Every structure is written in C-alpha cells, then in structure tokens.
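Protein chains in written order, with my numbering: chain A, 1 to 253; chain B, 1001 to 1253; chain C, 2001 to 2253; chain D, 3001 to 3253.
Glycine included, each C-beta is placed from N, C-alpha and C at the ideal position.
Because the structure is a prediction, the values reported are computed rather than measured.
Everything on this sheet refers to the single structure shown next.
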C-alpha cells in the first residue's frame, strides 16, 4: 500500500501580521514546517502552531531561514558558513522549546525560501545547515529537494535525507521545477493538482511540461498554506490521496 | 566552611560589536548569565561562550531580556504577560541549543536589565518569566534580587529561588540598592569591593550607607564584566574569597 | 459651511505581510498617517503609499512609533526622552524622503499605538515627539487626542495642534473614549457611525454612552483601515459627510 | 597646489555598543561617511556625529547599507533592485534629518561593506543606489571605487562620481586592491601609509605589490576609524599631507 507525507510551511505570521490559516492546515497535513522567527514566526505564533500540531498528531519540523524579516527569507545572503550553522542552531533550539512544552519535539529540518534554493547547489551552506542539525540531534531528518547538496550532505552526515515533490508545480523533463517566473509554473486547478499528487504518491512520477514522464522519488509532498484557496487545494490533495487508498502519515513516524 | 557563587553577565557582544572579555571572565566566575539574542548575543557569540563555560566548568544560565537590541534591554516594555512568557521560552530554547552542543545544558534563568528591575515588583511579568522556566524545565533555578516578585514566584512554582548580592553596590539600610543615579552608588576600589564580597559570603551581611549592618541572604554574588577594569575587579573579588577560605562553586552544583 | 478632515493609518504592511488596503483608503481619506518603518512600513510600502497619496491629493503625515515591529508599536516602552526624540526624528526624515520623491512633503506628525496613548499623559514623551517635529520642520502640525500633553506641547512649541475624534468609538461623558476592553466600545453599524461623523463635523459634538452630549472640538476624524469592512465603513462616513454638505479637505491645506 | 579629501566611516556604534572614536576622527577627516541605521548607527549616534561634523566643518555623506545589523552589512544580500533603491532612499532621508537639524545636509552617498563591493561589478545594484540618490537630490555626489559600476552609473545619471583610494591597502598592478585575505594586504606602518597618502594626493599614483607604479585618479582617501591605532594612523596621514602642502578639504566643497 502506498503512503506519503504532506508538509506545509506554517507559523509564518509575525505579531499583528497574519499569514495563512495554520490551524486549518494542521487538519490537512502530516508534517508542519514551522517558522523559527528569522523570516517570520513570533514566539506566541510558534506556541500556537506547536500546540496545534500536537493536537492534530502532526510532526513538527524546523523551517530555518536566513535572518531576514523584511525580505521574508527570500533574499539570498552570503553568510559565512560557520555563522549560518550557528544561526540555524539558534533556530532549532528556539522552536524545539515550543515543541517540547507542547509535548513533542522537532523531528526534522527544512530550509526556507532563499536558503532552500541556495542549499540545492551551494555545498558550503548546505553543510552548514546539516552540521547544525547533526550536532543538535542526529536523529533529525532533513527535508528538501531531491538530488540537492542538502540531502547529499544529510546522508553523508548520517542524517535521514527526505526528498519532497510539489503537486502544484510544473516539472522540467530533467526533474527540476519550472521557474516561477515562467508561465504555467504553478498549477491551480484542484482536480489536476490532486491527480498529480496521487500519481506522485503511488507511482513516484509526474508528467513534465513536454509530456515526458519524470521519476520523482519523493517521500513527502509540499502543499502551500499562504495563498488564496490554499486550504481548499490542500484539502483536495488530501481527499484524493485518501480516496486512492494512499496512507498519509509523517515521514518521521 | 562558607561557600558562594560568582555570576556575571556574558555573551553580550553582537556581531562586530564586542562587549566585555567573556573568556577572561569565564576564568573567574562560577556561573555565566549568557545573553540569548534579545538584548545582545548573536548566535556565534552564544556558541563561543557556552563552549568556554564548559571548558571552565562554569554553570550556564539564560539571561533573558525584552526584545530590545537598540536599547540593550534596558528599557521597560509593557508587554502582555503571555507574550513575555513566550519570548522568554524562545530564548531559553535558543541558548540551550548552544549549551547542549557544548556538552552541558542551561541550569538557571536570570532576567536582564529592565526585565530584572521590572520583575522585582511586577508580579505579572515575574510570573511570566517563571512560567516559561517552569514549563521548559522545572529543574531550572531562578537567580534574582532577594525578596523580589521573581523569587517569590519561582518558589511558588516549585523552582529554586537563588538570591544574589552585589559587592560593588552601595546598600540602603532596608536592603535595597542605592540607585545608580545617586553618588556613591557604585564602588570601584578593588580592596573595598573584595572585602565586602568576603563579608557577604561569610557573614551574609553588608554595611549600608548609613553604617547599619544589613543582612543579605545571597547565595551568589554578581560581578560585572563589561566595564573598564571589570576583569581585574572580579579577579580581586575571587582572590579575596579564595584567601578567606570561601569555597567557590556554582549554586546549581 | 462645515468642513472636516478624514485621517487613517496607512502604510502598515511589512514585506510579505499585508495590512489593510492602502490604495482603496487613499480614495476615501484626506490625510494619510503613514507608518515610518518602526512598527510597520517597509521602504517599498512607504514609496507606494506616498505616491498614491499624491495621486489622490491626500496629505502625508508621519505616523511615528516606538521601535517595536514584533509588537506593532502597541507596547509602551520606557525610552529615554532624548532617545525617543532621536528615534522620531529618524522616522520623520525617512518618510519624508518618500514624500519628497513623490512630489510632496510630510505635513504633520501623529504618534502610533502605545506612543499615541503615552503622549496623552506623559509630558516627557510628548515633548520628545514635539521636539523632533519642531526641529525638523516647525511648519509641521501635530495630530492627536484633544486635551493631551501632546497637543499642549505642540502648542507651546509653536506647532499647530490638531485634535481628532473617532466616529466609531463610544465616548464617556467627560470626553474620553470608552476603553476597547469594554463592551460597546467600538461601533460597527455604518449608518450609526456615519451619523456620528456628520454630527461631529457639523456640530462638534457626540452622544456619550450615558446619553449626555459631549463637545468634541475635532478638526479631523480618524477612520480605521485595517479591519474587515474598514474601507466600506470609511466610505460610508465619507458619503454621509458629502451628502450633509461637509467639505472634506486636509487640515494642513 | 595639490588638494585631497580624507573620508572615514563614522557613526557605526549601536546603542550600548561603541565602535571607533567618532569625535576624534572628526578632527582629522574632511568627509564623514555616516552610517544610517541599517548596519549600525542608532538615531542618537547619528545626531552626535552630524553635530560633530558640523562643528568640525566636515562634510556629511550617507554610508548606506544592506539591512543587516547582525552581519554589520558585510554580507552580500541578493535584494531586488527596486527594494534596494527604496532601502537606500529610506536611509538617505533618515540621516539627512540629523544633518539638517545640525545645520547641514548630506552631500554624498557611499555604499558600505558588502554593498560597496557588490556595486563595483553588479550594475543592477549599483543603479539602484544611484537611482535613490538621483531622485532624492541630484546634487549628491557618489563616492566609491574607481572604474566601478557605481561611479559609471553615477556619471550616467548626472551625479558627480568621486573615486577614492586607500593609503593603507596594497594595490595590484591593475589598480585593484590586494584582497584582505592575502598577507600584506593592509599596511600598518604610519610612516609608510603617510608617504603613500602624499604620493596619491600629489602624483595620483601608488606603488603596487610588484613594484609597478599604478595611476590612481582618486579625489578622496579613505582612512579607517574603527581599528586599534586608527586615530593615530589617520592623524599621521593628515599631518604628512599638511607637511607636503596638500590642501585638505571636502570634495563636495
């Protein structure tokens, strides 16, 4: 029987500014990538998301970021790898405090935004993220893009690498995503997205923009929580997976 | 045989800006109140101080603060107690990550600056600090002013309250400190400060500004690390305590 | 013929986080209290709001705040008055740069959030705000609560004090607002709010919660832009004022 | 008669953290590159430096930076050029407020740290800095590295480009600086540095590491203010220039 994890970026509100509907998404996903305060996520938001995650039996991961509130972590920062390692470690500990008082603990790490993209190809930054995770808790998994420096580094460091896929993103024949700047990069039709999710979960493949069938060895599907209609789209994906008999549970379970 | 703890505020550098000589002070004190990033203390500074503390067998405490870099945590902020509790919890976890990778863990909490002063008399803020400590780790001690709301709250919550004294501050007959704005509030003569430290450690008393002898039930003496001559003054205090046969060890030992 | 100004807090988005509909509100109000980056308002938001204000012939005021992004400026901060003066001056200059490149200039100052409330009764903080405005540009007006330290200080410093009123807030018989924590403190019925706005503009009075008629010498009415239905409520107020023949123009015109 | 400007980075303290001796340096230099709050420079520091600059008849320039307090602006940030332009404009206005209340105004712009280095070769970021300066005040000069995108962009936009040189840095035969990571990149002998300063000012040339004589068309010499011995070194440079009959005055005069 096929099984998959659904992950989403949560906890990204900051003070008076709200982003997404964390509690609704916690009813849909199995893993929550919780912001840690560096690109979003004030302390009281972290508490609420961690408490909600425990209530919904959702696994808590640390969505670590460059220090960049005004840019929401979407700006690449050429930070010294040792300082990046320390910045990541700081975030791991801060979030874990909220996970712990909620009765859980963080189980994985996923870089956010520009750090996610940088650690696909930048070995030094990827290793900095991995080093922080490894020294904090070697049982942490690392969630990221297939074939990335990040996942290779995790594997080399003895951490479990977990590749993810995107049911709502168009793929190139070589398995990379179509850049967001291209037309058609993001799919919004719930039925189409849900069908792709099922095929990814069951057959580990996706149809690329040129019609080629691409193998995607993902163990988790990322669904977005902060766009209009996000909750409905995520719910459609989850329902389709349920209907197809795909078991949904955290990859860290 | 008398014994006492020496504590000092460390880890208060921030990026390029340095404050005090952390490594030198770690050779003198037995407990390090380490900044947690909210009033000072960038992640790489926290790593260095925690590593140094472990090397010197110095106990690590979390010096928690209002979120106030530009004011160095010296400005009272009328923050909602629940949000303050969460801000403190965030700091506890962040610092503890560095303590843990250094091979230790945080053992106590001490509020910094304006939060220290607020929690003397503001029960709601004091309880917010205590609540964060209690939920994070009920074995944490709480270091603060004798007879403060903070220490009473710690006691009520089942956390160990640890009163501290200041060998380099003038005392009023009622046991409170002479405000810094008053002349003579701060003593700078090493011999005088060292003698007061010994009397505080051995006899638990200090001579007030009016000549009265005040009982001060301190289990730790605070020495400052960020003023000119701070290391020398702290060293003089330590040497005098050693010479007087006072055992120096962390109150958390 | 009666005339009045309508002011609203705008420019309070921050990076990815959006708050209110600035451009829609600029079609309704005559004065824009624009955030300056200390409680909200990233630089690109300031540019867009200032450009929109000029396009709509809306007067630009500086909505100055404590440095408090995470608390949205709603936390009182006990900041040294000289440092507060300098923090306000910094904000005045920053916002004015955007006003100037849009072809205008800032014409008034209004404190935000906790600073607004503090400067009602705290003479030192009120004078700090006024001092920054006076040294930056003595032709600046100061918008605030009637009978506040802020407006008295403005008057004493030779700046034009401009009292405001709230059509959607309940009043006590003594002219103060019913605290938000009380039931009925905020009115939401558009017809009722609009009727109060007209009476405030034409007769300079409002009916208090006990039925008493309270004189309110306001030259501007504050309408909120960041709540659900805010634009519609503001539009209803504007339409009612137009229908009543009340001229709407900036108090700084 | 030869003439030159001496510039230095000032105003880089932040709250309790002090960096350099601004007032001493203001007695030596003719142009002050004043931090604007994004990498250092709290509002009260900006006031003190601007007041001191006016007292010493030193020209005030805006030392604009990426938003990066923890990294002191030394980390490259891949920021959207429009957002960078707006971030620079924000800083120009903020600093200019302090210059104005001191009785002066900002007269030039110089990027700081990583932004300085990025705008040597990154045309988009260079144009963003220039665009902000041009729209704020087209009479502003732009101070930077010779043959940089920044100075070319300034020239194209009708702003005065002002190339600078470093008397205490080793040069490559092609006119570029020896990277700081190389041995011998920074000269510390006051006599040698002073002699190079005079040759740069009088003959517009410097001896490169291979003995070649390199033409350096600088109109300003940068002296550092934040290293041990900085004031003494700057004073030695100034004295040598005075002795050689080189007139010292701001390039903006």
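Per-residue DSSP class, three states only, for residue i
i: residue 235 of chain A; result: helix
i: residue 1052 of chain B; result: helix
i: residue 2002 of chain C; result: coil
i: residue 215 of chain A; result: strand
i: residue 244 of chain A; result: coil
i: residue 3202 of chain D; result: helix
i: residue 2193 of chain C; result: helix
i: residue 2253 of chain C; result: coil
i: residue 1230 of chain B; result: helix
i: residue 1177 of chain B; result: strand
i: residue 61 of chain A; result: strand
i: residue 1221 of chain B; result: strand
i: residue 3186 of chain D; result: strand
i: residue 2207 of chain C; result: strand
Per-residue burial, residue i [other beta carbons within 10 Å of its own, 16 or more giving buried]
i: residue 1138 of chain B; result: exposed
i: residue 2127 of chain C; result: buried
i: residue 2165 of chain C; result: buried
i: residue 1057 of chain B; result: exposed
i: residue 107 of chain A; result: buried
i: residue 2148 of chain C; result: buried
i: residue 3196 of chain D; result: buried
i: residue 3188 of chain D; result: exposed
i: residue 3043 of chain D; result: buried
i: residue 47 of chain A; result: buried
i: residue 273 of chain A; result: The question about residue 273 of chain A has no answer, for chain A in this structure spans 1 to 253.
i: residue 3180 of chain D; result: exposed
i: residue 2037 of chain C; result: buried
Alpha-carbon to alpha-carbon, residue j and residue i
i: residue 1120 of chain B; j: residue 1074 of chain B; result: 15 Å
i: residue 76 of chain A; j: residue 2184 of chain C; result: 48 Å
i: residue 3102 of chain D; j: residue 3021 of chain D; result: 19 Å
i: residue 3091 of chain D; j: residue 3098 of chain D; result: 11 Å
i: residue 1286 of chain B; j: residue 1115 of chain B; result: Because chain B in this structure spans residues 1001 to 1253, residue 1286 of chain B falls outside the shown range and cannot be described.
i: residue 232 of chain A; j: residue 226 of chain A; result: 11 Å
i: residue 26 of chain A; j: residue 105 of chain A; result: 16 Å
i: residue 2072 of chain C; j: residue 2066 of chain C; result: 9 Å
i: residue 3087 of chain D; j: residue 122 of chain A; result: 27 Å
i: residue 245 of chain A; j: residue 1 of chain A; result: 8 Å
i: residue 2133 of chain C; j: residue 2112 of chain C; result: 15 Å
i: residue 3239 of chain D; j: residue 3191 of chain D; result: 11 Å
i: residue 1182 of chain B; j: residue 1171 of chain B; result: 11 Å
i: residue 3223 of chain D; j: residue 3030 of chain D; result: 11 Å
i: residue 237 of chain A; j: residue 135 of chain A; result: 36 Å
i: residue 1069 of chain B; j: residue 1039 of chain B; result: 4 Å
i: residue 1130 of chain B; j: residue 2085 of chain C; result: 35 Å
i: residue 2016 of chain C; j: residue 2078 of chain C; result: 30 Å
i: residue 1176 of chain B; j: residue 2215 of chain C; result: 49 Å
i: residue 3208 of chain D; j: residue 118 of chain A; result: 37 Å
i: residue 1152 of chain B; j: residue 2155 of chain C; result: 47 Å
i: residue 3250 of chain D; j: residue 3145 of chain D; result: 17 Å
i: residue 2230 of chain C; j: residue 1080 of chain B; result: 26 Å
Whole-number beta carbon distance between residue j and residue i, since they are thought to touch under 8 Å
i: residue 2094 of chain C; j: residue 3201 of chain D; result: At roughly 36 Å, the Cβ-Cβ gap does not stay under 8 Å, so residue 2094 of chain C and residue 3201 of chain D are not in contact.
i: residue 2032 of chain C; j: residue 2053 of chain C; result: 5 Å
i: residue 3241 of chain D; j: residue 3198 of chain D; result: 6 Å
i: residue 3218 of chain D; j: residue 3163 of chain D; result: 5 Å
i: residue 2011 of chain C; j: residue 2041 of chain C; result: 5 Å
- Residue ranges of each alpha helix (DSSP H) run of no fewer than 4 residues wholly in the region 2066-2125 of chain C, ordered along the chain? DSSP runs (the alpha helix (DSSP H)) wholly in the region 2066-2125 of chain C: 2081-2101, 2113-2121.
- Of all the alpha helix (DSSP H) runs that stay within the bounds of the region 2123-2174 of chain C, which reach a length of 4 or more residues? Runs of the alpha helix (DSSP H) inside the region 2123-2174 of chain C: 2123-2136, 2149-2156.
- Message: For a minimum of 3 consecutive residues, which ranges assigned as the beta strand (DSSP E) are wholly contained in the region 1006-1057 of chain B?
- Response: Counting whole runs of 3 or more residues, the region 1006-1057 of chain B contains the beta strand (DSSP E) stretches 1031-1035.
- Closer than 7 Å, Cβ to any Cβ of chain E: which residues of the region 72-95 of chain A, in chain order? Any reference to chain E falls outside this structure, whose protein chains are A, B, C and D.
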